[in-house]
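**Q** Numbered per numbering that gives the first Met the number 0, the sequence shown finishes at 921, counting up by one with no gaps.
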Amino acid sequence: MGQGGQDDVSGGANGTDAQHRDPFDYPRHWEADVVLVDGRTVHVRPIVPTDADRIVALHARLSERTRYLRYFGAYPRIPARDLKRFTTVDHHDRVAFVALLGDDIVAVGRYERLDRDSAEVAFVVDDAHQGRGLGSILLEHLAAAASECGLRRFVAEVLAENTAMTRVFRDAGYQVSRAFEEGLLHLEFDIDPTEESLAVARAREQAAEARSVHNLLHPRSVAVIGASTDSTKIGYAVLSNLLAADFSGPVYPVNPEHVSVRGVRAYRSVLEIPDPVDLAVVAVPAGQVESVLDGALAKGVQALVIVSAGFAESGPHGLHAELRLVGEARAHGMRVVGPNALGVLNTDPKVRLNATLAPKLPRRGRTGFFCQSGALGIAILADAEARGLGLSTFVSAGNRADVSGNDLLQYWETDPHTDVVLLYLESFGNPRKFARLARRLARTKPVVAVKSGRHAVRPQLAATSTEIDESSVQALFEQAGVVRVDTLAQLFDTALVFANQPLPAGARIGIVGNSSAIALLAADTAKAQGLSLGIEPVDIGSQASPETFAAAVGEALASPEVDALVVVFVPPVATPGTAYARALRETVLATPTTPDKPIVSTFLAAEGVPDELAVTDADGTVAFGSIPSYPSPERAVNALARVVRYAEWRRRPQGSVVRPDGLHVERASGLVRDLTVERSVELHVDDVVRLLGCYGIDIVPFRVVSDVDEAVAAAEELGLPVTLKAYDDGLRDRPDLAGVRLDLPTAESVRMAYQDLRATSGRDEVYVQRMAPKGMSCAIGLRDDPSFGTLVSFGLSGAVSILLGDQAFRAVPLTDVDAATLVREPRTAPLLTGYRGDEPADLAALEDLVLRVAALAEDHPEVRSLALDPVLASPEGAFVTNARVVLGPPPSRPDTGPRRLRQITTPADVGEPVQNPEGFMA
Numbered sequence: 000m001g002q003g004g005q006d007d008v009s010g011g012a013n014g015t016d017a018q019h020r021d022p023f024d025y026p027r028h029w030e031a032d033v034v035l036v037d038g039r040t041v042h043v044r045p046i047v048p049t050d051a052d053r054i055v056a057l058h059a060r061l062s063e064r065t066r067y068l069r070y071f072g073a074y075p076r077i078p079a080r081d082l083k084r085f086t087t088v089d090h091h092d093r094v095a096f097v098a099l100l101g102d103d104i105v106a107v108g109r110y111e112r113l114d115r116d117s118a119e120v121a122f123v124v125d126d127a128h129q130g131r132g133l134g135s136i137l138l139e140h141l142a143a144a145a146s147e148c149g150l151r152r153f154v155a156e157v158l159a160e161n162t163a164m165t166r167v168f169r170d171a172g173y174q175v176s177r178a179f180e181e182g183l184l185h186l187e188f189d190i191d192p193t194e195e196s197l198a199v200a201r202a203r204e205q206a207a208e209a210r211s212v213h214n215l216l217h218p219r220s221v222a223v224i225g226a227s228t229d230s231t232k233i234g235y236a237v238l239s240n241l242l243a244a245d246f247s248g249p250v251y252p253v254n255p256e257h258v259s260v261r262g263v264r265a266y267r268s269v270l271e272i273p274d275p276v277d278l279a280v281v282a283v284p285a286g287q288v289e290s291v292l293d294g295a296l297a298k299g300v301q302a303l304v305i306v307s308a309g310f311a312e313s314g315p316h317g318l319h320a321e322l323r324l325v326g327e328a329r330a331h332g333m334r335v336v337g338p339n340a341l342g343v344l345n346t347d348p349k350v351r352l353n354a355t356l357a358p359k360l361p362r363r364g365r366t367g368f369f370c371q372s373g374a375l376g377i378a379i380l381a382d383a384e385a386r387g388l389g390l391s392t393f394v395s396a397g398n399r400a401d402v403s404g405n406d407l408l409q410y411w412e413t414d415p416h417t418d419v420v421l422l423y424l425e426s427f428g429n430p431r432k433f434a435r436l437a438r439r440l441a442r443t444k445p446v447v448a449v450k451s452g453r454h455a456v457r458p459q460l461a462a463t464s465t466e467i468d469e470s471s472v473q474a475l476f477e478q479a480g481v482v483r484v485d486t487l488a489q490l491f492d493t494a495l496v497f498a499n500q501p502l503p504a505g506a507r508i509g510i511v512g513n514s515s516a517i518a519l520l521a522a523d524t525a526k527a528q529g530l531s532l533g534i535e536p537v538d539i540g541s542q543a544s545p546e547t548f549a550a551a552v553g554e555a556l557a558s559p560e561v562d563a564l565v566v567v568f569v570p571p572v573a574t575p576g577t578a579y580a581r582a583l584r585e586t587v588l589a590t591p592t593t594p595d596k597p598i599v600s601t602f603l604a605a606e607g608v609p610d611e612l613a614v615t616d617a618d619g620t621v622a623f624g625s626i627p628s629y630p631s632p633e634r635a636v637n638a639l640a641r642v643v644r645y646a647e648w649r650r651r652p653q654g655s656v657v658r659p660d661g662l663h664v665e666r667a668s669g670l671v672r673d674l675t676v677e678r679s680v681e682l683h684v685d686d687v688v689r690l691l692g693c694y695g696i697d698i699v700p701f702r703v704v705s706d707v708d709e710a711v712a713a714a715e716e717l718g719l720p721v722t723l724k725a726y727d728d729g730l731r732d733r734p735d736l737a738g739v740r741l742d743l744p745t746a747e748s749v750r751m752a753y754q755d756l757r758a759t760s761g762r763d764e765v766y767v768q769r770m771a772p773k774g775m776s777c778a779i780g781l782r783d784d785p786s787f788g789t790l791v792s793f794g795l796s797g798a799v800s801i802l803l804g805d806q807a808f809r810a811v812p813l814t815d816v817d818a819a820t821l822v823r824e825p826r827t828a829p830l831l832t833g834y835r836g837d838e839p840a841d842l843a844a845l846e847d848l849v850l851r852v853a854a855l856a857e858d859h860p861e862v863r864s865l866a867l868d869p870v871l872a873s874p875e876g877a878f879v880t881n882a883r884v885v886l887g888p889p890p891s892r893p894d895t896g897p898r899r900l901r902q903i904t905t906p907a908d909v910g911e912p913v914q915n916p917e918g919f920m921a
């Protein structure tokens with residue numbers, strides 16, 4: 000696959016400056032590790048002059064056909080002059096990216112500026128690597144770099160017969176114009192991301208990342224590097240567990256000192272294994288891992304699971320060793336689980352993989368589990384087994400240096416063997432991406448998460464993070480469709496319902512039991528969780544027969560007033576409890592309405608799925624329709640309530656991400672680039688006005704004055720009445736309004752207010768602002784949260800709302816539905832909707848303002864925090880009177896730009912203080 004286009008095009012508008020650019024000095028954020036369509040990885044970076052030999056080697060590997068399609072002729076060798084031009088670029092007007100696999104360049108993409116807005120683009124891909132998606136990857140990265148350099152359009156000259164490259168442009172989602180002349184296709188397209196191009200890129204991202212995890216969980220062969228004959232060593236445990244699970248492919252122990260381990264022939268190194276190795280489990284001391292990695296790289300292993308400890312968790316030296324290890328693995332096409340991982344497993348009968356330290360392969364089921372903690376992994380698997388929760392796949396990622404929860408979300412979205420997703424998370428490597436993936440996945444499969452460390456804020460977030468109350472945390476998880484729980488017990492309680500029972504159509508429950516006291520506990524818990532009783536609790540009496548019990552259950556299930564059923568049962572002395580269990584199961588299976596109504600039980604005080612309540616497949620596997628049981632009615636109802644809320648979320652309108660009209664992203668990007676420095680800084684008022692203006696957020700007109708005559712002149716220019724505000728934000732923000740003089744109708748009142756404020760503040764400078772229409776004071780803000788990325792907040796202004804924590808939050812990006820619910824969610828929101836006969840405020844204007852703030856945050860993650868306070872909401876609209884913006888390096892990785900894996904960098908140890916320039920208006 001190749002693409003036409005000559006590389007001797009003259010430089011563009013900035014050619015003179017470009018001649019003086021250092022060809023080795025390129026933007027470091029342009030480097031990336033990327034996943035290709037087959038799930039393997041390559042490293043992408045800008046070209047440098049020392050790549051000359053690699054370019055010559057690539058050219059030598061190209062077939063005559065590929066050279067012809069790329070260069071429109073034979074071009075058997077690269078002349079020295081062309082080679083220098085190909086490898087020496089300015090990284091502005093002339094940009095080239097190379098894709099590296101190990102030390103080899105396997106693809107090159109470049110553009111050459113033609114004029115101020117346009118550049119010609121060209122690609123060539125090694126024949127052996129065509130069809131892996133390299134062309135589309137390079138196009139994405141070139142388009143992002145070109146956009147940074149002020150370009151808006153790509154053009155390309157392609158031979159008409161080069162259908163593969165034409166397809167790269169057409170399938171990228173851009174609007175491509177075509178012209179045909181003398182056997183050449185002339186293609187042009189704008190490179191600004193479109194809704195279609197973003198959708199295409201994200202679909203490709205999902206497919207590639209899912210494939211990389213599929214490769215990890217479906218290996219055809221496994222090598223255990225560090226397999227040991229000593230039963231106390233982890234290498235012994237891993238090999239034993241693989242063999243005990245009866246893995247479907249060959250297992251190769253690697254041990255330099257023994258001919259065999261556990262009766263299986265051993266090899267001195269992975270390189271001596273005669274056949275291909277898909278997965279290598281590394282169980283050697285941390286100091287030996289790097290030498291083991293060299294052999295795995297040379298062997299072409301697809302994925303590594305590193306159970307060895309002694310890396311990032313052990314200190315700075317371990318961290319750097321971990322980063323170096325992952326960088327080398329990715330550069331050679333490998334994904335890494337760990338280090339310090341428990342391992343991975345797959346219960347599919349065609350795989351039977353237990354590459355973990357857990358001694359037993361769990362029972363097969365349709366639940367996927369991702370866990371960061373290796374230490375908790377064995378306990379989690381044992382708990383799942385004890386409760387009868389079958390798993391499809393399990394990954395314990397340990398230090399999560401490479402493979403993360405986001406990768407697993409991508410895989411489970413399209414995995415036909417997984418219906419429920421469970422997560423035990425300590426942190427998010429990319430919270431914005433997590434929110435996007437979880438929201439998409441949760442539309443079809445429930446996602447339940449234990450999130451530890453919610454109250455611990457990383458140092459680099461401390462300056463702009465605010466502790467969020469529990470109800471808001473819950474709302475944020477629910478926005479993404481994630482069922483958030485606090486403990487592992489709650490995780491399994493909820494998972495048992497999702498894995499075995501249907502989603503309810505509503506929140507009305509029925510309660511059937513033989514103990515009024517237990518039924519009362521269930522009813523109280525239901526009401527506390529926001530559920531309603533569709534029918535009165537049915538008490539059949541403590542001595543009722545199994546037939547009576549079954550009839551009551553069947554009648555409750557058949558009731559149109561019941562969406563879900565809670566069965567509470569204490570076995571009588573005279574009749575075995577198993578008889579009642581069989582009666583319950585048979586009645587449920589025979590009732591026509593059962594497929595739409597979930598059932599939970601408190602039966603025999605059992606926990607999990609008792610054999611008597613299980614529905615099994617032909618092979619004895621617990622199947623959908625089994626009835627989960629809980630030791631107490633409270634736990635049963637709490638689990639059911641979480642399922643009810645999730646079902647309600649699924650039924651809600653999904654909404655769409657809305658981009659308001661009149662956004663000037665390009666202009667804002669230039670401002671942000673000019674104003675962003677290495678540490679966080681509050682913008683001067685003039686810069687705040689310019690930046691917000693790019694997003695259609697207008698501050699009510701104002702002037703800064705230094706004497707009384709200027710104040711009067713400014714008031715007359717703006718139009719009376721006006722407001723005067725102290726220059727000191729501490730005075731302006733006081734609840735008693737000591738620094739503000741409102742509704743000044745005459746020049747004389749302005750004079751008096753100026754003198755008064757000057758005496759109060761001790762400063763000559765004063766703000767004079769046009770009086771906005773009277774309305775309710777609201778506050779709209781942005782802040783960075785360690786779990787969710789950038790949050791948009793909304794609430795009414797004032798000390799009472801702050802003290803009560805009466806704010807609502809949504810994670811970026813926002814849909815129109817998110818914006819509408821956000822401005823209605825605070826407890827004080829009725830004050831905006833005509834409380835006690837007042838005229839309602841223009842909520843549509845508030846929603847529009849919220850969406851503009853969200854668009855600003857999505858486009859520019861450098862906006863560390865923002866506050867519009869107060870915003871006066873009235874029937875006439877929403878008027879911003881004060882604003883504050885802080886710019887700085889974004890602590891949360893943005894979910895924008897070309898596809899890439901999480902960057903391998905050492906995290907910052909401490910956050911930077913925020914600088915506050917003189918003359919800031921808040």
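Idealized CB from N, CA, C, for every residue including glycine.
Looking at ILE104: is its Cβ nearer than 9 Å to the Cβ of LEU82?
**A** Start at 1 with the first residue of the sequence shown, and residue 104 comes out as number 105. Start at 1 with the first residue of the sequence shown, and residue 82 comes out as number 83. Not closer than 9 Å, so no.
**Q** When the Cα of SER220 is compared with those of GLY332, PRO829, ASN353, PRO192, which residue comes out closest?
**A** Here residue 220 is taken as the residue at index 221 of the sequence shown, counted from 1. It is ASN353 whose Cα lies nearest to the Cα of SER220.
**Q** Would the beta-carbon of VAL765 fall within 9 Å of that of ALA810?
**A** For the purposes of this step, residue 765 is taken as residue 766 along the sequence shown, with counting starting at 1. For the purposes of this step, residue 810 is taken as residue 811 along the sequence shown, with counting starting at 1. No, these two residues do not count as a Cβ contact at 9 Å.
**Q** Could you name the residues that DSSP lists as bridge partners for ILE698?
**A** Stepping through the sequence shown from its first residue, residue 698 is reached at position 699. In DSSP, ILE698 forms a bridge with VAL879.
**Q** Please classify ARG264: does DSSP put it in a helix, a strand, or coil?
**A** Position 265 of the sequence shown, counted from the start, is the residue given in the question as residue 264. It is a strand residue.
**Q** Does DSSP classify MET333 as helix, strand or coil?
**A** For the purposes of this step, residue 333 is taken as residue 334 along the sequence shown, with counting starting at 1. Coil.
**Q** Can you look up PRO869 in the DSSP assignment and give me helix, strand or coil?
**A** Within the sequence shown, numbered from 1, the residue matching residue 869 stands at position 870. The answer is strand: DSSP assigns PRO869 an E or B state.
**Q** Shortest alpha-carbon distance to SER372 belongs to which of SER176, ALA308, ARG650?
**A** The residue you call residue 372 lines up with position 373 of the sequence shown. If we check each option's Cα against that of SER372, ALA308 comes out closest.
**Q** Measure the alpha-carbon distance for LYS298 versus ALA279 and round it to whole angstroms.
**A** Your numbering for residue 298 matches position 299 in the sequence shown. Your numbering for residue 279 matches position 280 in the sequence shown. Computed Cα separation, rounded: 10 Å.
**Q** I'd like the span of the beta strand (DSSP E) that includes VAL566, first residue to last.
**A** Reading the sequence shown from its first residue, position 567 is the one you call residue 566. 563-568 is the extent of the beta strand (DSSP E) around VAL566.
**Q** Cβ atoms of GLN500 and VAL642: under 9 Å apart, would you say?
**A** On the sequence shown, residue 642 is found 643 positions in, with the first residue counted as 1. On the sequence shown, residue 500 is found 501 positions in, with the first residue counted as 1. Going by C-beta atoms, VAL642 is nearer than 9 Å to GLN500.
**Q** When the Cα atoms are used, what is the spatial distance from GLU875 to THR832?
**A** The residue you call residue 875 lines up with position 876 of the sequence shown. The residue you call residue 832 lines up with position 833 of the sequence shown. If I take the Cα positions, the gap works out to 14 Å.
**Q** Count the other CB atoms within 10 Å of the CB of GLN806; is the residue buried (16 or more) or exposed (fewer)?
**A** Taking the sequence shown and counting its residues from 1, one reaches residue 806 at position 807. Buried, by the Cβ-count rule.
**Q** Could I get the ranges of all uninterrupted alpha helix (DSSP H) runs contained in the segment 355-395, with 4 residues as the minimum, in chain order?
**A** For the segment 355-395, whole alpha helix (DSSP H) runs of length 4 or above, ordered along the chain, are 373-386.
**Q** At the 9 Å Cβ level, is ILE698 part of the contact set with chain C, yes or no?
**A** The displayed structure is made up of one protein chain only, and chain C is not part of it.
**Q** Do VAL657 and LEU855 have their C-beta atoms closer together than 9 Å?
**A** Sequence index remark: in the sequence shown, residue 657 carries index 658 (1-based). Sequence index remark: in the sequence shown, residue 855 carries index 856 (1-based). Not closer than 9 Å, so no.
**Q** Below 8 Å, can you find three or more Cβ-Cβ pairs linking the segment 484-497 to the segment 581-596?
**A** Segments in contact, no.
**Q** Closer than 8 Å by C-beta to PRO825: which residues in its own chain qualify, once you throw out the five before and the five after it? Chain order, please.
**A** If you number the sequence shown from 1, residue 825 lands on position 826. Contacts found: PHE793, GLY794, LEU795, SER800, ASP805, GLN806, ALA807.
**Q** Classify PRO185 as helix, strand or coil using the three-state DSSP reduction.
**A** Along the sequence shown, one-based indexing puts residue 185 at 186. Per the sequence presented here, residue 185 reads as His, with Pro not at that position. HIS185 falls in the strand class under three-state DSSP.
**Q** Assign GLU160 to buried or exposed, taking buried as 16 or more other Cβ atoms, counted over all protein chains shown, within 10 Å of its Cβ.
**A** Position 161 of the sequence shown, counted from the start, is the residue given in the question as residue 160. Exposed, because fewer than 16 other Cβ atoms sit within 10 Å of the Cβ of GLU160.
**Q** Going by the CB atoms, is the gap between TYR410 and VAL212 shorter than 9 Å?
**A** In the sequence shown, counting from the first residue as 1, residue 212 sits at position 213. In the sequence shown, counting from the first residue as 1, residue 410 sits at position 411. Yes, Cβ-Cβ distance for VAL212 and TYR410 is below 9 Å.
**Q** Can you tell me whether THR722 is buried or exposed, with buried defined as 16 or more other CB within 10 angstroms of its CB?
**A** Translated into positions along the sequence shown, residue 722 becomes position 723. Classification for THR722: buried.
**Q** Is it buried or exposed, ASP114, if we count other Cβ atoms within 10 angstroms and call 16 or more buried?
**A** Position 115 of the sequence shown, counted from the first residue, corresponds to residue 114. ASP114 comes out exposed.
**Q** Would a C-beta distance cut-off of 9 Å place LEU717 and GLN768 closer than the cut-off?
**A** Position 718 of the sequence shown holds residue 717. Position 769 of the sequence shown holds residue 768. Result yes, Cβ atoms of LEU717 and GLN768 sit closer than 9 Å.
**Q** Alpha carbon to alpha carbon, how far is ASP732 from GLU681? Give it in angstroms, no decimals.
**A** For the purposes of this step, residue 681 is taken as the residue at position 682 of the sequence shown. For the purposes of this step, residue 732 is taken as the residue at position 733 of the sequence shown. Approximately 17 Å between the Cα atoms of the pair.
**Q** Beta carbon of SER395, beta carbon of THR417: below 9 Å?
**A** For this step, residue 395 is matched to residue 396 along the sequence shown. For this step, residue 417 is matched to residue 418 along the sequence shown. Result no, Cβ atoms of SER395 and THR417 do not sit closer than 9 Å.
**Q** Please return the same chain residues whose Cβ sits closer than 6 Å to the Cβ of GLU838, not counting the five positions on each side in sequence.
**A** The residue given as residue 838 occupies position 839 in the sequence shown. Only PRO874 meet the Cβ criterion.
**Q** Let me make sure I understand the geometry here. Which of LEU150, SER135, ALA56, ASP125 has the alpha-carbon closest to that of ARG93?
**A** Stepping through the sequence shown from its first residue, residue 93 is reached at position 94. Closest by alpha carbon: LEU150.
**Q** Measure the C-alpha to C-alpha separation of LEU375 and ARG689 and round it to an integer number of angstroms.
**A** Within the sequence shown, numbered from 1, the residue matching residue 375 stands at position 376. Within the sequence shown, numbered from 1, the residue matching residue 689 stands at position 690. When rounded, the distance between both Cα atoms is 51 Å.
**Q** Given this structure, state the Cα-to-Cα distance separating LYS444 from GLU208, to the nearest angstrom.
**A** Reading the sequence shown from its first residue, position 445 is the one you call residue 444. Reading the sequence shown from its first residue, position 209 is the one you call residue 208. Their Cα atoms are separated by approximately 18 Å.
**Q** Check whether the Cβ atoms of LEU743 and MET770 lie closer than 9 Å to each other.
**A** Within the sequence shown, residue 743 is the residue found at index 744, counting from 1. Within the sequence shown, residue 770 is the residue found at index 771, counting from 1. Closer than 9 Å, so yes.
**Q** Among the residues of its own chain, which have a CB less than 6 Å from the CB of VAL8, if the five just before and after it don't count?
**A** Residue numbering aside, residue 8 sits at position 9 when the sequence shown is read from its first letter. Only weak support is given to the placement of VAL8: the predicted model assigns it a pLDDT of 34, under 50, and the value that follows is read from those uncertain coordinates. The residues are GLU111, GLU119.
**Q** Leaving aside the five residues before and after ALA98 along the sequence, list all residues of the same chain whose C-beta is less than 6 Å from its C-beta, in chain order.
**A** One-based indexing of the sequence shown puts residue 98 at position 99. Answer for ALA98: VAL41, VAL43, VAL105, ALA106, LEU133, listed in chain order.
**Q** Under the rule that 16 or more other beta-carbon atoms within 10 Å means buried, what is PRO252, buried or exposed?
**A** Mapped onto the sequence shown, residue 252 falls at position 253. PRO252 is buried by the Cβ-count criterion.
**Q** Tell me which residue opens and which closes the beta strand (DSSP E) that LYS450 is part of.
**A** Reading the sequence shown from its first residue, position 451 is the one you call residue 450. First-last of the beta strand (DSSP E) with LYS450: 446-450.
**Q** Give, in chain order, every unbroken run of the beta strand (DSSP E) that is at least 3 residues long and sits entirely within the segment 545-626.
**A** 563-568, 598-602, all fully within the segment 545-626.
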